[in-house]
Amino acid sequence: MLQINMDDVLKIVNLCVPYLIGLAIAVVAAVAVMVVCRNKKAATRYLIRRQGLMAIVLSLVIVVNMICWGPMSSLISLATGSGTISKETSDKATELCTRIAEEGIVLLKNEANLLPLKADSNLNVFGWASTNPCYGGTGSGSLSDAYETVSLLQGLEDAGFKLNTGLTDFYAAYRGDRPNVGMWEQDWTLPEPVKESYTSELMADAKAFSDTALIVITRVGGEGADLPTDVSAVTYTDNSAEYKDFEAGEHYLQLSSTEKDMVDLVCSNFDNVVLVYNGANAMELGFVNDYSQIRSAIWCPGTGQSGFEALGEIVSGSVNPSGKTSDTFAADLTATPHYNNFGSFIYDNMNEFAGKAFKGEATYPSFINYVEGIYVGYRFYETAAEEGLIDYSKTVLYPFGYGMSYTSFSQEMGNLTEADGTISFDVTVTNTGDKAGKDVVEAYYNPPYTNGGIEKASANLIAFDKTDLLEPGQSQTIAVSFQAEDMASYDAAGKGVYVLEAGDYKISIRSDSHNVIKEQIYSAASETVYDETNPRSSDKAAAENRFADAKGEPTYLSRADGFANYKEATAKPATLTMPDKYKDTFVNNSNYDAAAHNSAEDIKPVTGAKNGLSLASMRGLDYDDPQWEKLLDQLTVGEMDSMVAIGGYQTSAAKSVDKVGTVDCDGPASINNNFTGTGSIGFPSAVLIASTWNRDIAEEFGESIGKMADEMKVSGWYAPAMNTHRSAFAGRNFEYYSEDGILAGKMAASAIMGAERHGVYAYMKHFALNDQETNRTNMLCTWTGEQAIREIYLRPFEIAVKEGGAKAVMSAFNYIGTEYAGASDALLNKVLRDEWGFNGFVLTDYFGGYGYQNADQEIRNGNDAMLVAYDTETNHVKDTSSATSLLAMRKASKNIMYTVVNSRAYEGNNAKGGLLPWQIAAIVADVILAAGFMALEVRIINVYKKKRES
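In my numbering, each number is its position in the sequence shown, counted from 1, plus 369.
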């Protein structure tokens, strides 16, 4: 669960300072009067001093009321919310957590069928990480500590294995806790006992205990920081004073020296070794093949609260692994095409645009160049191999979509047909082995490519499905279908629209992105241009160039002439200076002028009308129903401003239309209310969910979240997150699904639909191109071409809207070119709403201001609400009088209310409205206090009269 941040607390305290100053003035004045009256007669002195005390107490009560009903109102409302998760629902969620891990853990290697091991056998488990594994990630993706967590060792024991407790005690004695990789501070230390600490007695006992060893290597990540590409430059404590775990330039996703020593030690003492990699980021695992003793390897990303049960089940064979990799495992991560263009690059000529970090320190605009274009992940490796740029077998260790099983399968591809633009074929999957298991059907296309023409990868996932559990000899036929237009390429440099070029499209089923099982040809006789006269069938309006300026001036990787420009394109940035023509278009709070964006043609909308409508009456009506205009006329300017400004973990109430306040909660691996402390179990990481390749189980996940949210009286879920695994070093890869937009989009869409079954709206995030943590709130200018934007980075969001029916969006921190993504009309209006047909509202990512977030700019460009629960410098609309601003506020309010009224918030009796429990309690307390004051006042006056008479 996300922890309360002290900087937030200090900002809230600062909001209360004016009230406290007023209280201090009142107290000082009262005390002064009480002191000055010391020479008065006794009766008069008594009266003045008692009235002074009464004034102090009354001032305190008034100030407390002003604070509670003013700046603290929304926070108190959130903190006093009700709702709990039933044990039955939680138990079902825990069972689902285990099932996700059962289908998502990937068997990478299994020589001589070492796995499965006999369930009741003895097992040595090596590696300090075995006692402190990775369950998820940090930040918004962290787990609740309110639920019991099944450890890795417990999962093995529950599967029947007898573990060497001598090793467990040895590791526990070395260090009891994992160094914290948090949102605000990170300690990247990888604790591991040095080889000299393994005594001869310890190793002799281990060999006597079992002839089999299981090694655990773990890597963690989280929100706020990317994994170090140079460990020597970050906080890290070596395990030995004699040597460094990482030399300068060595990265976090390779073995440390101490880990390598441990692997050497284990492999020199055991011939049967199983390696478990526990982490969401695709690590360099080439060492697995350097040791003949490592016969089996398993990829086990963060398992959530109970998922390590599945690891034990897979190792023991009670569950047959069926997971497939959701990312490519490269042999050398420093040789990836993006490596030189990932991390921190601060402009050297943008100091006049200084911003402010969350904790107050100055920040300056930064940038990142997506020089690899569309060649992300397997799209690069497969195409580069076809063009002869790389030796695939030496470059790729485990392809995308790869995973082994304890049984074997055959797949037979039926004849390909096309009707009305739909391409279809059947795939018959047969279990040809001797164990029950599941298999995945992966369909790819290889489009015709013209040298120097539109960039195209030679392998592109287009559809997938997973079989049921098949017994030996059993078959299942999977129907595969997709639209021919889904193979169109975006021709940014030419026609500026999607184009399906004429030629032969190779449609294949594959066991992974590299290995073709069967291939057939779909021939497009002529070119199809999807322009405004012929948009794709899934588009409300045709896609066209919207982000031309985001290309900037980097050299982008091209397939032309066998990637002839590879060295030039993938080099480090040649300059840290933003060209003047782009600098002239850069906008942040220092130079944004709302008035400059007003239109003289805009007409002020009606506000405060008495039309007698309530929001509840709008439930189920179309977004464009004319009744909305009458309802919107009732809103006051203050109500619209509140809905825009106070959108953190809630949507604000609006009395004029009987709109109730609603509660939103963080995710994405759970549903957690950070204010009440109520939360769900933590599910496995998105990477593990994606590795199931099972849309049904992703929908079950979303439905489970929706059910728990409903019981918590929560209407919105800050998830799913679907940014792209551009780099294995991205800190939040655990929270995002994959390097592939189709896999990510389909899984996210399924989760959204699942949550929607319980009336919970899911915020797909972070829209868009927020693919690294470094400098994410430092005005990070992301430079990339429009083809890559659309085909790679927007693709999962597009699917989530068109197939998942998303009704809420969380925008991203970063800039696209020189335009903040959270204030990008091109992104939030032109693409999201006009092209994709999205109806709903857009919320910022956490509204810390940062020197570039402001409500005026955001609402004018399609971002409707600010994710903050208290007043800041820029979350309230400053321009509350111009027609342009009022229309933007009105549109934002409509978008928010449209989503809310069609959610669980307005199902049954949920939208009760009225005073909240704390408000009722406050009023009762005020009434009691008022009565007490009156009684005291009467008593004081009576005593005064007696004293005066005597």
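Even glycine gets a Cβ: it sits at the ideal position worked out from N, Cα and C.
A distance below 8 angstroms separates the beta carbons of residue 1059 and residue 695. Taking the CA atoms as reference points, residue 1239 sits about 7 angstroms from residue 441. For residue 1199, no alpha helix (DSSP H) run applies, since DSSP gives it neither H nor E. By DSSP's assignment, residue 731 forms a beta bridge with 725. Taking the CA atoms as reference points, residue 586 sits about 26 angstroms from residue 1090.
Residue 817 places its beta carbon 8 angstroms or farther from that of residue 739. Residue 528 and residue 806 have their C-alpha atoms roughly 19 angstroms apart. Of 577, 1067, 517, the smallest CA-CA separation from residue 536 is found for 577.
Across the structure, residue 1199 and residue 1209 are spaced so that their CA atoms are roughly 14 angstroms apart.
Secondary structure at residue 966: helix, using DSSP grouped into helix, strand and coil.
Taking each of 983, 1008, 715, 1007 in turn and checking the Cα distance to residue 996, the smallest one comes out for 983.
According to the DSSP assignment, residue 791 belongs to the beta strand (DSSP E) that extends over 791-800. Within the stretch 1034-1102, the complete beta strand (DSSP E) runs of at least 3 residues fall at 1085-1087. Counting along the chain, residue 586 sits inside no alpha helix (DSSP H); it lies in the beta strand (DSSP E) bounded by residues 581-587. Setting aside the 5 residues that flank it on each side, residue 1306 is surrounded in the same chain by 423, each with a C-beta closer than 8 angstroms to its C-beta; the list follows chain order. Between the stretch 1176-1190 and the stretch 1212-1226, the count of C-beta pairs closer than 8 angstroms reaches three or more; the two stretches touch. A direct Cα-to-Cα measurement between residue 531 and residue 550 gives close to 32 angstroms.
Around residue 1185, the same chain offers 916, 919, 1138, 1151, 1193, 1196 as residues with beta carbons nearer than 7 angstroms, after the five sequence neighbours per side are excluded.
Just so you know, the alpha carbons of residue 843 and residue 745 end up roughly 37 angstroms apart. Secondary structure note for residue 664: its beta strand (DSSP E) is the uninterrupted segment 663-668. The beta-bridge partner set that DSSP reports for residue 1179 consists of 1212.
Remark: three or more beta-carbon pairs, one from each stretch, lie closer than 8 angstroms, so the stretch 1043-1051 and the stretch 449-469 are flagged as touching. With respect to the C-alpha of residue 790, the residue from 1098, 598, 845, 851 having the closest C-alpha is 851. Within the stretch 776-860, the runs of beta strand (DSSP E) at least 3 residues long that lie entirely inside it are, in chain order, 778-782, 786-788, 791-800, 809-815, 829-835, 844-852. In this structure, the CA atom of residue 1029 is about 25 angstroms from the CA atom of residue 1073. Take residue 617, set aside five residues on each side of it, and the residues of its chain with a beta-carbon closer than 6 angstroms to its own are 601, in chain order.
Shown here for residue 937: same chain residues with a beta carbon closer than 8 angstroms to its own, the five before and five after excluded, namely 924 in chain order. Here residue 1020 carries a strand assignment [DSSP, helix/strand/coil]. DSSP places residue 423 in no beta strand (DSSP E) but in the uninterrupted alpha helix (DSSP H) bounded by 411-438. Within the same chain, Cβ atoms closer than 8 angstroms to the Cβ of residue 909 are found at 1203, 1204, 1205, 1206, the five residues on either side in sequence being excluded. Counting only residues of its own chain and dropping the five nearest sequence neighbours on each side, residue 604 has a CB closer than 7 angstroms to the CB of 555, 556, 557.
When the five nearest sequence neighbours on each side are left out, the beta carbons in the same chain lying within less than 6 angstroms of the beta carbon of residue 1096 are those of 707, 711, in order along the chain.
For residue 631, the enclosing alpha helix (DSSP H) starts and ends at 626-638. In the same chain as residue 992, and ignoring 5 residues on each side of it, the C-beta atoms closer than 7 angstroms to its own belong to 1208, 1267, in chain order. 8 angstroms or more divides the Cβ of residue 1234 from the Cβ of residue 1201.
In this structure, residue 443 keeps its C-beta atom at 8 angstroms or more from the C-beta atom of residue 395.
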